[in-house]
Amino acid sequence: MSTNDLEGLDEATLKEIEELRSITPEKHGNALFAQAQFNLGAIFIRGENIEEALNTFSNIQRSHSSALYAAAQYTIGEILENEGQTNSALKVWKNIKHSDDPKVYAATQYYIGFVSYERSDTKEALSVWSAIKRSDNIQAYIEAQFDIGFYLEEIGDIEGAISAWNNIERLDDPKLYGQAQFNIGSNLLEINEIKEALLVWHSIDKLDNSEAYAKAQLRIGSTLAEKGNYSDGLLAWCNVERSDDSEAYAKAQFRIASFLIGFKYNKAAIVELQLIKLTDDAEAYAKAQFNIGFLLNNNDDIEGALRAFRNIKSDNDIEAFGNAQYAIGGILISYSPLTDYSAAKTSFELARKMFPYEAQCYIRICEILNSLETESFGLSALKLLNTVLNIIKILTLDFNKYDNEEKPFERKLAHYTSTYTSNLLIGDNKKKRSPSLFRLNTINNVNDPSEGQLLVRKLKEIKSNEFYPLDFNERSHAFISCFTFNNDSLNQFRLYGKEKDKEASGMSLVFRKDFFQSENFIGGISHLSIGRDTSENISDPNKNNTNLNSTKLEDGEKSKEVLKRPVMRCVYLDPTSEYFHLAQRNRLTFFREFGDKVIVVNGTKRLQAEYEWKLYEKYIDNITSKFEKGYETLKVIYKEVEQEIDSIRVNLDASKAEELIGFTEEILLPLKYLIKHSAFREEQECRMIYITSIDRPEVIMEYGSFLYVEYEPSVKDHLDKIYIAPAALHHKRYFDHTLKDVDVPVEVSGNVFR
Numbered sequence: 071m072s073t074n075d076l077e078g079l080d081e082a083t084l085k086e087i088e089e090l091r092s093i094t095p096e097k098h099g100n101a102l103f104a105q106a107q108f109n110l111g112a113i114f115i116r117g118e119n120i121e122e123a124l125n126t127f128s129n130i131q132r133s134h135s136s137a138l139y140a141a142a143q144y145t146i147g148e149i150l151e152n153e154g155q156t157n158s159a160l161k162v163w164k165n166i167k168h169s170d171d172p173k174v175y176a177a178t179q180y181y182i183g184f185v186s187y188e189r190s191d192t193k194e195a196l197s198v199w200s201a202i203k204r205s206d207n208i209q210a211y212i213e214a215q216f217d218i219g220f221y222l223e224e225i226g227d228i229e230g231a232i233s234a235w236n237n238i239e240r241l242d243d244p245k246l247y248g249q250a251q252f253n254i255g256s257n258l259l260e261i262n263e264i265k266e267a268l269l270v271w272h273s274i275d276k277l278d279n280s281e282a283y284a285k286a287q288l289r290i291g292s293t294l295a296e297k298g299n300y301s302d303g304l305l306a307w308c309n310v311e312r313s314d315d316s317e318a319y320a321k322a323q324f325r326i327a328s329f330l331i332g333f334k335y336n337k338a339a340i341v342e343l344q345l346i347k348l349t350d351d352a353e354a355y356a357k358a359q360f361n362i363g364f365l366l367n368n369n370d371d372i373e374g375a376l377r378a379f380r381n382i383k384s385d386n387d388i389e390a391f392g393n394a395q396y397a398i399g400g401i402l403i404s405y406s407p408l409t410d411y412s413a414a415k416t417s418f419e420l421a422r423k424m425f426p427y428e429a430q431c432y433i434r435i436c437e438i439l440n441s442l443e444t445e446s447f448g449l450s451a452l453k454l455l456n457t458v459l460n461i462i463k464i465l466t467l468d469f470n471k472y473d474n475e476e477k478p479f480e481r482k483l484a485h486y487t488s489t490y491t492s493n494l495l496i497g498d499n500k501k502k503r504s505p506s507l508f509r510l511n512t513i514n515n516v517n518d519p520s521e522g523q524l525l526v527r528k529l530k531e532i533k534s535n536e537f538y539p540l541d542f543n544e545r546s547h548a549f550i551s552c553f554t555f556n557n558d559s560l561n562q563f564r565l566y567g568k569e570k571d572k573e574a575s576g577m578s579l580v581f582r583k584d585f586f587q588s589e590n591f592i593g594g595i596s597h598l599s600i601g602r603d604t605s606e607n608i609s610d611p612n613k614n615n616t617n618l619n620s621t622k623l624e625d626g627e628k629s630k631e632v633l634k635r636p637v638m639r640c641v642y643l644d645p646t647s648e649y650f651h652l653a654q655r656n657r658l659t660f661f662r663e664f665g666d667k668v669i670v671v672n673g674t675k676r677l678q679a680e681y682e683w684k685l686y687e688k689y690i691d692n693i694t695s696k697f698e699k700g701y702e703t704l705k706v707i708y709k710e711v712e713q714e715i716d717s718i719r720v721n722l723d724a725s726k727a728e729e730l731i732g733f734t735e736e737i738l739l740p741l742k743y744l745i746k747h748s749a750f751r752e753e754q755e756c757r758m759i760y761i762t763s764i765d766r767p768e769v770i771m772e773y774g775s776f777l778y779v780e781y782e783p784s785v786k787d788h789l790d791k792i793y794i795a796p797a798a799l800h801h802k803r804y805f806d807h808t809l810k811d812v813d814v815p816v817e818v819s820g821n822v823f824r
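Note that the working numbering has the sequence shown beginning at 71, numbered continuously upward.
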């Protein structure tokens with residue numbers, strides 16, 4: 071070692087180095103020499119003289135001291151790994167034997183496993199980690215068990231993951247124990263072991279691991295709230311403090327606000343949302359600001375809403391930013407004290423990716439309004455668009471609670487299909503056959519010849535029952551999937567649930583409400599999808615980032631939230647009269663659901679089916695009344711738009727008028743495919759609609775004229791039950807077996823058929 075290498079060291083350190091270097095195996099023995107060399111290496115590391123440290127540690131041989139040899143080799147490996155020389159580090163670590171020092175050997179094996187995992191050699195990592203014994207090194211053992219659990223969870227072996235995490239005890243390492251318990255709870259919930267998950271989460275002590283405790287309380291609150299236990303859920307969320315984990319705190323505040331809004335405590339909700347800071351969690355902050363703006367806007371505090379919306383930046387959360395820009399555009403185009411068409415257009419352009427249809431229409435209207443020649447038409451077109459969007463909102467199913475009942479009236483929808491298609495959608499885990507995704511098929515395949523034509527004919531007061539096949543629209547092509555409130559209908563089994571054209575030989579797949587996008591205050595999401603890339607997934611503020619290298623603590627919420635879409639009820643119109651009917655449940659469905667069950671209402675015994683039906687009648691009458699009002703407004707505004715176009719045709723030119731007619735058709739586009747001929751009323755149909763250009767990457771075209779887009783949510787994971795048609799009973803045992811792991815009953819249709 072040169073004199074220059076010793077510069078900067080104090081006199082005491084220099085003296086210590088001199089004394090340690092004077093110790094030799096010949097004079098002082100192997101053990102003392104090895105200890106001196108190890109201490110000397112440690113001094114060089116502290117002085118950042120890495121090269122000299124490596125040389126010094128390398129002087130220690132197994133013959134001097136097997137334990138210190140192991141420690142030196144371990145340290146050399148660490149230095150090499152930190153300098154990016156992973157292969158050299160592995161070579162050095164593999165010099166260490168169990169007989170040298172079991173504790174150091176176990177620690178080394180953990181790192182060898184970790185490097186193998188990082189290199190995607192998971193088989194080697196699992197083998198190395200599994201060989202580490204608790205008796206050799208408790209810390210290495212529990213860290214290995216944690217990572218084994220992490221890997222097994224990744225490959226879907228939940229039982230194995232839970233078993234590994236259960237090997238970690240509180241006395242071993244309270245912090246890692248808390249992390250493991252949190253992950254156990256999350257995985258128990260994944261397999262629907264809800265009570266067990268809650269027990270595990272409750273076992274996490276704040277003093278052990280405040281971060282795991284906070285995230286556990288967040289999940290406890292969400293789980294209880296989903297089960298209807300709102301009071302205990304709220305208490306759990308209130309247990310989360312910023313000092314425990316700022317991100318979990320922000321999410322808990324967001325959940326509390328959601329709860330308060332559900333019970334109409336909007337002012338209290340705003341207070342809770344305002345507690346969320348940008349430094350807590352940028353995404354939760356952005357969504358909080360959006361919802362503050364949403365609530366203030368609903369309370370006619372337009373300027374306050376605008377301030378909240380403008381607090382959101384694109385790098386906070388792109389979804390909330392898009393929602394906010396759309397809302398800003400809506401204010402600037404409609405609110406007269408702040409009207410600014412150019413600024414509104416800029417905001418709508420920033421929101422175009424999230425609101426393709428709406429933003430596209432609003433941008434065009436802004437351009438029209440900025441021209442004196444077409445301003446009058448622009449104002450009428452704005453009213454038309456707002457009316458169309460309002461009607462779509464009225465028709466969109468809201469799966470939240472109604473009339474303070476425990477369950478929403480319209481919480482399940484059925485899709486009729488063949489047993490063959492059902493089998494493809496459900497998949498087969500034992501045969502390792504992945505399920506197919508649900509499809510939205512081209513509108514050109516439907517059996518109603520009036521599709522897409524009836525609305526405009528009614529608005530133009532054309533009373534005719536003659537319709538012509540639709541032209542194939544490549545630029546704005548509609549894809550739909552059909553559902554019904556009639557979960558067990560013989561007529562629909564005969565028409566749609568057919569196998570090889572044999573009537574009543576198919577199945578009715580009954581979906582829970584979580585298969586669809588629920589209308590809620592957090593959303594602000596477009597009711598119609600036009601040309602949106604299905605790979606861009608909407609996320610809420612409760613998303614997870616897991617990292618084996620860092621905290622090793624899973625947040626518990628899915629990192630990739632599957633994109634769901636809203637579903638809307640159809641409206642049945644008679645072409646030759648003013649008759650209309652909204653798709654809805656019928657009285658029979660309530661008697662099928664509740665049977666002869668009797669309940670006590672205000673001291674009087676009532677058939678529950680009849681009681682629920684009467685409540686539902688009031689509910690659907692209210693929606694029908696809203697639709698009727700909106701529809702009448704639509705007819706008036708449409709005439710106004712036609713008059714404006716006629717005026718432009720006379721005063722400007724015919725080509726401009728034709729262009730505006732085309733734009734008017736574009737505004738009506740989403741509503742066209744929710745209007746059906748009254749002859750199909752019995753179907754009580756609801757639809758999921760996706761409109762896009764057929765050259766978009768999500769559009770799939772197969773040989774045999776199959777044209778469709780896929781819907782991401784898993785069919786199997788969202789089924790409530792299946793009804794099997796009378797002529798398909800021989801398939802029941804197979805589907806019973808296939809669905810036993812998700813506890814979905816397969817029931818025989820209650821309809822008779824020969």
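Think of the CB as a built atom: it goes at the ideal place given N, C-alpha and C, for glycine as much as any other residue.
- Contact between residue 235 and residue 250 holds, since their C-beta atoms are separated by about 4 Å, short of 8 Å.
- The three-state secondary structure of residue 581, taken from DSSP, is strand.
- Closest in alpha carbon position to residue 320, among 335, 331, 301, 357, is 357.
- Taking 4 residues as the minimum length, the alpha helix (DSSP H) runs contained wholly in the region 130–164 are 136–152, 156–163, in order along the chain.
- Inclusion of residue 678 and residue 690 in the CB contact set at 8 Å is not warranted, their separation being larger than that value.
- Bridge partners of residue 746 according to DSSP: 642.
- With respect to the C-alpha of residue 402, the residue from 799, 436, 293 having the closest C-alpha is 436.
- Listed in chain order, the non-local C-beta contacts of residue 587 below 6 Å within the same chain comprise 634, 635, 636, local neighbours out to five positions each way being set aside.
- The beta carbon of residue 156 is closer than 7 Å to those of 185 in its chain, skipping five residues each way along the sequence.
- Your pair residue 730 and residue 715 checks out as a contact, with CB atoms roughly 5 Å apart and the cut at 8 Å.
- Sequence-distant Cβ neighbours of residue 107 in its own chain, meaning closer than 6 Å and more than five residues away, are 126, 129, 130.
- In this structure, DSSP gives residue 793 an extended state, which the three-state scheme calls strand.
- Where residue 261 is concerned, there is no enclosing alpha helix (DSSP H), because DSSP gives it neither an H nor an E.
- Counting C-beta atoms within 10 angstroms of its own C-beta, residue 798 has 16 or more neighbours from the protein chains shown and is therefore classed as buried.
- When rounded, the separation of the alpha-carbon atoms in residue 204 and residue 306 is 35 Å.
- DSSP places residue 574 in the coil class of the three-state scheme, outside both helix and strand.
- A distance below 7 Å between beta-carbons, with the five flanking residues on each side excluded, links residue 202 to the following residues of its chain, in chain order: 176, 179, 180, 210, 211, 214.
- With a threshold of 16 other beta carbon atoms within 10 Å, residue 713 falls short and is exposed.
- In the displayed model, residue 652 falls within a strand according to three-state DSSP.
- In the DSSP assignment, residue 674 falls within the beta strand (DSSP E) that extends over 674–677.
- Distance from the CA of residue 566 to the CA of residue 662, rounded to the nearest whole angstrom, comes to 21 Å.
- Runs of alpha helix (DSSP H) with 4 or more residues, each lying fully within the region 73–134, are found at 81–91, 95–98, 100–116, 120–128, listed in chain order.
- When only Cα atoms are considered, residue 302 and residue 285 end up about 16 Å apart.
- 788 is the residue among 800, 367, 431, 788 whose C-alpha sits nearest the C-alpha of residue 508.
- Judged by their CB atoms, residue 325 and residue 298 are not nearer to each other than the 8 Å cut-off.
- Around the beta carbon of residue 289, 16 or more other beta carbons lie within 10 angstroms, which makes this residue buried.
- In terms of Cα proximity to residue 512, the closest of 348, 768, 279, 687 is 768.
- DSSP places residue 781 within a strand segment (E or B) once states are collapsed to three.
- 498 is the residue among 329, 498, 466, 709 whose C-alpha sits nearest the C-alpha of residue 809.
- Residue pairing of residue 486 in beta bridges, as defined by DSSP: 578.
- If you compare the alpha carbons of 795, 111, 273, 263 with that of residue 228, the shortest gap goes to 263.
- Under the three-pair Cβ rule at 8 Å, the region 550–564 does not count as touching the region 421–439.
- Counting along the chain, no beta strand (DSSP E) covers residue 531, and no H or E run does either.
- Contact between the region 481–489 and the region 572–584 is established, with three or more Cβ pairs separated by less than 8 Å.
- The continuous stretches of alpha helix (DSSP H) do not include residue 757, which lies in the beta strand (DSSP E) extending over residues 755–762.
- In its chain, beyond the 5 residues on either side, 439 have a beta carbon closer than 8 Å to the beta carbon of residue 449.
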